[in-house]
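In full-length UniProt numbering, the protein residues as written are 1 to 373.
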């Protein structure tokens, strides 16, 4: 016995609703109204405008100018159409495929989430490394000035000349052995107890008094500065900033609003102290920093001693911010120790230890003797 479905038929001429019985044949939908009229719709010319969701009535249409309409409560009529004329009704919804479509939707969503995570994890760093060498020098210098102004404003800097002279001596010793850089390395000493130092774009290094006071010798501070100089030379910090503001820079580049992109960068530069270097950048800064110390005739063991000091004191000192942005793990210390050579120990100390003990505390002593008004 041929299956049939109850439906409401509208002839397109009036709004009168006709009760009808629908049957599916090999080539047509057969419609018989209660008045005795019969209509046949070819499968390939039927349109579905409703009935794609569970529990929704199926609405089928036929014709272009005088549009006839069928409204069927039972969605199994769609399965029947696919059963007898699948090649001609592919454009119609198939309820049995609904769960499959849901699964594919979920899969597509998961793939999209994975792609977004992959872009964030690998795509942005790769983009940043590609763009960093092409950032205009003027941008880097402005970003560096913004970072220094935010984290070491003039009124918060140590001005003790003897301390600054010692920093200049170490910096000049290290920069003399560097490959030519497009900018001049400048070290700013912030009079704050935080144990931290960071490189800024354009050649600036901000050193905090707390870190200076943690060093046991000028050689140890030279290790920190050599590490930071490599972050500048390798444009690691510029790369990190691009990662942080990649979307804004991209929009600025596409729209031609480079001033807007720079403005966002200047704002982001104030967060430099919160950025965390990747393992690859830290390894590079360790290795190249050690080589710079060796070329400058400074014992690189000082770099290792300072990292060991921070590693030992980390659990007890909330001010050790340096380890947040420059993670000093045991494996890094071991790699540096393995890179030491017997000849390194023959290097003379940069400054006598007694003299260094006085120099590294002069900044705090000056602040106590001449407090800001």
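Even glycine gets a Cβ: it sits at the ideal position worked out from N, Cα and C.
These numbers were taken from a predicted model, which means no experiment stands behind them.
Look at residue 141 here: in three-state DSSP terms it is helix. By the C-beta criterion, the segment 21 to 38 is judged to be in contact with the segment 65 to 85, since at least 3 inter-stretch pairs fall below 8 Å. Taking 7 Å as the cut-off, the beta carbon of residue 205 is found closer than this to the beta carbon of residue 187.
By the Cβ neighbour-count rule, residue 363 is buried, with 16 or more other Cβ atoms within 10 Å of its own. When the beta-carbon positions are compared, residue 306 and residue 333 stay at least 7 Å from each other.
The beta-bridge partner set that DSSP reports for residue 50 consists of 59. Cβ contact annotation for residue 5 (same chain, cutoff 6 Å, sequence separation greater than five): 22, 72, 74, 77, in chain order. Rounded to the nearest angstrom, the Cβ distance from residue 237 to residue 200 is 6 Å, consistent with a contact under 8 Å.
With contacts defined by Cβ atoms closer than 7 Å, residue 158 and residue 137 do not form a contacting pair. By the 16-neighbour rule on beta-carbons within 10 angstroms, residue 277 is buried. Contact annotation, residue 286 with residue 227: C-beta distance approximately 7 Å; criterion of less than 8 Å satisfied. Going by beta carbons, residue 150 and residue 359 fall outside the 7 Å limit.
Only residues of its own chain outside the window of five on either side were considered, and among them 219, 340, 344, 345 have a CB closer than 8 Å to the CB of residue 301, listed in chain order. For residue 68, the enclosing beta strand (DSSP E) starts and ends at 68 to 72. Between residue 185 and residue 222, the C-beta spacing is not below 7 Å.
Scanning its chain for C-beta atoms nearer than 7 Å, with the 5 sequence neighbours on each side dropped, one finds around residue 191 the residues 156, 157, 158, 209, 363, 367, in chain order. The beta carbon of residue 361 sits closer than 6 Å to no other beta carbon from its chain once the five residues preceding and following it are set aside. Taking residue 234 as the centre and dropping the five residues before and after it, the same chain places the C-beta of 281, 284, 285, 288 closer than 8 Å to its C-beta, in chain order. In the three-state DSSP reduction, residue 29 falls in the strand class (E or B). Under DSSP, residue 307 takes part in no beta bridge, so it has no partner. The DSSP-derived three-state label of residue 363 is helix.
Nearest to residue 12 by alpha-carbon distance, out of 44, 64, 19, 54, is 64.
When DSSP states are grouped into helix, strand and coil, residue 153 belongs to the coil group. Between residue 93 and residue 52, the C-beta gap is smaller than 7 Å, which places the two residues in contact.
Judged by DSSP secondary structure, residue 91 falls outside any alpha helix (DSSP H); it is assigned neither H nor E. Contact annotation: residue 353 and residue 217 have beta-carbon atoms nearer than 7 Å. In the displayed model, residue 77 falls within a helix according to three-state DSSP. Residue 69 sits close to residue 61, with the two beta carbons spaced by under 7 Å. Distances from the CA of residue 181 to each of 95, 203, 172, 162 were compared; the closest alpha carbon is that of 203. Excluding residues up to 5 positions away in sequence, 205, 206, 207, 208, 211, 224, 228, 322 lie with their Cβ nearer than 7 Å to the Cβ of residue 197 in the same chain. For residue 224, the uninterrupted alpha helix (DSSP H) run begins and ends at 218 to 233, by DSSP. Secondary structure in the segment 145 to 216: the alpha helix (DSSP H) runs of 4 residues or longer, each lying completely within the stretch, are 161 to 175, 209 to 214 in chain order. In the structure shown, residue 24 adopts extended strand secondary structure according to DSSP, grouped into three states. For residue 10, no alpha helix (DSSP H) segment is defined; the enclosing uninterrupted segment is the beta strand (DSSP E) at 4 to 10. Nearest to residue 347 by alpha-carbon distance, out of 240, 47, 296, is 296.
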